[in-house]
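Everything on this sheet refers to the single structure shown next.
There are 2 protein chains.
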Amino acid sequence: MPTMSSLPATPPSPLTIGALAKQTGVKIPTIRYYESIGLLPEAPRTDSNRRTYDGGSVRRLRFIRHARELGFEVEAIRQLLAMADDPGQPCREADLLARTHLAEIESRIARLEALRDEVRRMVEGCAQDQVRSCHVIEVLADHAHCLHDRH
Amino acid sequence: MPTMSSLPATPPSPLTIGALAKQTGVKIPTIRYYESIGLLPEAPRTDSNRRTYDGGSVRRLRFIRHARELGFEVEAIRQLLAMADDPGQPCREADLLARTHLAEIESRIARLEALRDEVRRMVEGCAQDQVRSCHVIEVLADHAHCLHDRH
DNA sequence: CTAGATCCTCCAGTGACTGGAGGATCAAGA
DNA sequence: TCTTGATCCTCCAGTCACTGGAGGATCTAG
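The listed protein sequences correspond, in order, to chains A and B. Using the working numbering, read the first sequence as starting at 48 and increasing by one per residue. Using the working numbering, read the second sequence as starting at 48 and increasing by one per residue.
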């Protein structure tokens, strides 16, 4: 084989912060901010002090982005990441945490489904050019959709 | 009939801001903040300048709270409320808006369901005291769970 | 060897609340 | 009626999670 071909899998060349931002949809200052609050580990630097990233960073950052979009706060994400980083280790304490998050997730799904049904009804009404009253508010205002009752 | 009895339905006595806060789980400063940014209409005042509310306020505020918890931003809630306030009127323009929100809601449901399944798997693993690897990150990191592709 | 893109740090600004200071008002009991 | 504790008012400063600009270094393509 001639000179050009290297090993079968291309060695995973490190990403710049800009490339990471592009691949994840997270803005550069936000990436640095996540590092500063410890959601992302401190990125290794090049000789000229630039941060470098790899595929793991992409997955971790995408996870953070999705979780934030879904309304989880940073502290919850930090806990979720810690559980993922440390699979099954202090299972006893992580269990309660996971169950709490699970209940919260299920509550969100239920409320989103109620909202979805109502918005869908609105869209269908519009499609038929019918003027029918809108119950979006009632749907989300209804306390029955809450799984927890601490309010 | 004696003197005490009034009309069949008790006249809906107005709520104080504190009572509204209790019924909705929204803190008093937050209620005032929502009024200041126009999410809630300016509350009528008593002679001594205190805000008064009714059942409509309770429903509207509960809606806002749930929508915020579900991660919708204030601007989206403002639009949703405007549609609800003005049922079927400028149907043509509201339609696109509603469809956009619908797609967003469905995307959230899909991602939350994926997350739920994974967290559930973790919890079950814990319950059996099994040490199995955790894929929460992979689940939410997976770009396939996104319905939009602008990133 | 430049010129433009990209990176660095630091710091100030934004959106959506959250809470304290200082003062007025209300409602219930002595 | 008078007080006293709860609740309300406005204003303003602080927090969380970003977001963006200033000023300067480094990289990369022509």
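Glycine is no exception: its CB is placed at the ideal position from the N, C-alpha and C atoms.
How should residue i be labelled, buried or exposed, when 16 other C-beta atoms within 10 angstroms of its C-beta is the threshold for buried?
{"i": "R92 of chain B", "result": "exposed"}
{"i": "S104 of chain B", "result": "buried"}
{"i": "M48 of chain A", "result": "For M48 of chain A, the predicted structure reports a pLDDT of 42, less than 50, and the residue's modelled location is therefore unreliable. A value from the coordinates is still provided. Under this definition M48 of chain A is an exposed residue."}
{"i": "L143 of chain B", "result": "exposed"}
{"i": "E165 of chain A", "result": "buried"}
{"i": "L62 of chain A", "result": "buried"}
{"i": "I84 of chain B", "result": "exposed"}
{"i": "H195 of chain B", "result": "Its pLDDT being 43, under 50, H195 of chain B is placed unreliably in this model, and the value from its coordinates should be taken loosely. Answer is exposed; the Cβ neighbour count stays below 16."}
{"i": "R224 of chain A", "result": "Residue 224 of chain A cannot be examined here, being either before or after the span of chain A that is shown, 48 to 198."}
{"i": "A131 of chain B", "result": "buried"}
{"i": "M51 of chain B", "result": "Confidence at M51 of chain B is low in this model, with a pLDDT of 42, below 50, so the placement of that residue is unreliable and no value is reported for it."}
Using a C-beta to C-beta distance shorter than 7 Å, which residues of chain B count as neighbours of residue i?
{"i": "E120 of chain A", "result": "What E120 of chain A touches in chain B: nothing, since even the nearest Cβ is about 10 Å away."}
{"i": "L149 of chain A", "result": "R163, V166, R167 and V170"}
Considering only the beta carbon of each residue, do residue i and residue j sit closer than 8 Å?
{"i": "R112 of chain B", "j": "G72 of chain B", "result": "yes"}
{"i": "A90 of chain A", "j": "Y81 of chain A", "result": "no"}
{"i": "R98 of chain B", "j": "L117 of chain A", "result": "no"}
{"i": "H148 of chain A", "j": "L127 of chain A", "result": "yes"}
{"i": "I152 of chain B", "j": "L162 of chain A", "result": "yes"}
{"i": "L159 of chain B", "j": "L67 of chain A", "result": "no"}
{"i": "M169 of chain B", "j": "A114 of chain A", "result": "no"}
{"i": "T86 of chain B", "j": "V121 of chain B", "result": "The amino acid at residue 86 of chain B is misidentified as Thr; the sequence shows Leu. Yes."}
Quick one: which chain A residues come within Cβ less than 8 Å of residue i?
{"i": "E89 of chain B", "result": "The contacting residues do not exist; E89 of chain B stays about 19 Å from chain A at best."}
{"i": "E82 of chain B", "result": "Those within 8 Å of E82 of chain B in chain A number zero; the least Cβ separation is about 17 Å."}
{"i": "I156 of chain B", "result": "I156, L159, E160 and R163"}
Using the beta-carbon of each residue, which ones in chain B are nearer than 8 Å to residue i?
{"i": "A145 of chain A", "result": "V166, M169, V170 and C173"}
{"i": "I152 of chain A", "result": "L159, L162, R163 and V166"}
Who are the neighbours of residue i on chain A, taking C-beta pairs under 9 Å?
{"i": "L67 of chain B", "result": "Here the premise fails: no neighbours, minimum Cβ distance about 12 Å."}
{"i": "L117 of chain B", "result": "L117, G118, R155, R158, L159, L162 and L187"}
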